[in-house]
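These notes concern the structure reproduced below.
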Amino acid sequence: MRCYVHRGPSLEGAQQLSEMDPMLAELRSMHAHRPLWNALKRTLDIVGSAALLVLTSPVFLLAAVLVKLTSPGPVLFRQVRVGYMARPFTMLKFRTMYVDNDPALHRQYVTDFIKSGGDLQPSERREAPFKIDNDPRTTSIGHLLRRTSMDELPQLWNVLKGDMSLVGPRPPIAYELEQYRAWHWRRVLEAKPGLTGLWQVTGRSSTTFDEMVRLDLRYARTKSLWLDLKILLATPRAVITGRGAR
Numbered sequence: 000m001r002c003y004v005h006r007g008p009s010l011e012g013a014q015q016l017s018e019m020d021p022m023l024a025e026l027r028s029m030h031a032h033r034p035l036w037n038a039l040k041r042t043l044d045i046v047g048s049a050a051l052l053v054l055t056s057p058v059f060l061l062a063a064v065l066v067k068l069t070s071p072g073p074v075l076f077r078q079v080r081v082g083y084m085a086r087p088f089t090m091l092k093f094r095t096m097y098v099d100n101d102p103a104l105h106r107q108y109v110t111d112f113i114k115s116g117g118d119l120q121p122s123e124r125r126e127a128p129f130k131i132d133n134d135p136r137t138t139s140i141g142h143l144l145r146r147t148s149m150d151e152l153p154q155l156w157n158v159l160k161g162d163m164s165l166v167g168p169r170p171p172i173a174y175e176l177e178q179y180r181a182w183h184w185r186r187v188l189e190a191k192p193g194l195t196g197l198w199q200v201t202g203r204s205s206t207t208f209d210e211m212v213r214l215d216l217r218y219a220r221t222k223s224l225w226l227d228l229k230i231l232l233a234t235p236r237a238v239i240t241g242r243g244a245r
């Protein structure tokens, strides 16, 4: 199975900020002093992702066949995202776009979305905050995979590896960070990115970017397995009703 690698813009800015930011020493210390929480959450991630990989294996096979048959190119799409403590990692998804598409359209859309605080006019509302409706770069099967969030399933490998968690903030693309204000940065510093999260299950098209960040920070500071379980249980309904996406 081949993978299409989209590296995107350089992560040097994110790496430099992660090395210089005075919050990091404090946050690393706080993380080190929560060994029980860290162990419990990692255990949930390993057990949960392994079980889901087994249970969804028929869906993996079906999605892979559909992607391969409906457009030329690899089945998997790999993209560098910014993770916990601003560390870059490679995130996996099923490919939903044509190969060699121009990322400028999405970059401009995300820039406008973040700069506005994500508070779009009713006519500009979209199915998912970081995905463009009727995106011409998306394949025919890609629309279905996105609408059902099936394109996110390969991220279970990221969870199993430890790059991501089952629950956490959405991992941003490097160029999104260029539009962040200082307080936005805490969402990539305080929690490991997740497959699903608090804002994904509480609202999608009606959630502004600033509100997403506030919900991410609220989740990061709550540190509760009960909250994780509530979010995980609410995720299937959010997917079925068309809420929550990457």
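Numbering (numbering that gives the first Met the number 0), first residue to last: 0 to 245. Heads up, the beta-carbon is just placed ideally off N, CA and C, and yes, glycines get one too.
Suppose the cutoff is 8 angstroms on Cβ atoms and the five residues either side in sequence are ignored; what does the same chain contact list for residue i look like?
{"i": "R217", "result": "L197"}
{"i": "G82", "result": "F88, D162, M163, P170, V187, K191 and P192"}
{"i": "T240", "result": "none"}
{"i": "H142", "result": "T95"}
{"i": "K114", "result": "Q178"}
{"i": "E123", "result": "No answer about E123 holds up, because its pLDDT of 48 lies below 50 and its placement is not dependable."}
{"i": "P121", "result": "Caution is warranted here: a pLDDT of 40 is assigned to P121, below 50, making its placement in the model unreliable, and no coordinate value can be reported."}
{"i": "R33", "result": "K222"}
Looking only at its chain, what residues have a beta carbon closer than 7 angstroms to the beta carbon of residue i, apart from the 5 residues adjacent to it on each side?
{"i": "I140", "result": "L65, V66 and T69"}
{"i": "P135", "result": "none"}
{"i": "N100", "result": "R136"}
{"i": "V238", "result": "T147 and S148"}
{"i": "V166", "result": "G193, T195, G196, D227, I230 and L231"}
{"i": "T201", "result": "L214"}
{"i": "F304", "result": "Nothing can be reported for residue 304: it is not among the residues displayed for the chain, which extend from 0 to 245."}
{"i": "T138", "result": "T69, S70, T95, M96 and Y97"}
Report the CB separation of residue i from residue j in whole angstroms; it is logged as a contact under 8 angstroms.
{"i": "W182", "j": "L91", "result": "The pair is not a contact, with the Cβ atoms about 30 angstroms apart (cut-off 8 angstroms)."}
{"i": "I172", "j": "Q78", "result": "7 angstroms"}
{"i": "L51", "j": "D227", "result": "The pair is not a contact, with the Cβ atoms about 14 angstroms apart (cut-off 8 angstroms)."}
{"i": "L152", "j": "T55", "result": "6 angstroms"}
{"i": "G72", "j": "V98", "result": "4 angstroms"}
Short of 6 angstroms in beta carbon distance, which residues of its chain neighbour residue i, apart from the five on each side in sequence? Order them along the chain.
{"i": "R145", "result": "T95"}
{"i": "A219", "result": "E189 and A190"}
{"i": "P57", "result": "none"}
{"i": "T206", "result": "W198"}
Comparing C-alpha positions only, which one of the options sits nearest to residue i?
{"i": "E210", "options": "L61, P168 and V238", "result": "P168"}
{"i": "R80", "options": "Q199, L176, L214 and R41", "result": "L176"}
{"i": "L247", "options": "P34, V158 and D150", "result": "One cannot answer for residue 247 here, as it falls past the ends of the chain, which runs 0 to 245."}
{"i": "R185", "options": "R86, Y174, V212 and Q199", "result": "V212"}
{"i": "K158", "options": "P235, R41 and R180", "result": "The question names Lys, yet the displayed sequence has Val at residue 158. Out of P235, R41 and R180, R41 has the C-alpha closest to the C-alpha of V158."}
Return yes when the Cβ of residue j is within less than 7 angstroms of the Cβ of residue i, no when it is not.
{"i": "Q154", "j": "T110", "result": "no"}
{"i": "W36", "j": "K160", "result": "no"}
{"i": "L104", "j": "L224", "result": "no"}
Query - Three CB pairs or more closer than 8 angstroms across the region 40-49 and the region 223-242 - result: Result yes; three or more Cβ-Cβ pairs closer than 8 angstroms.
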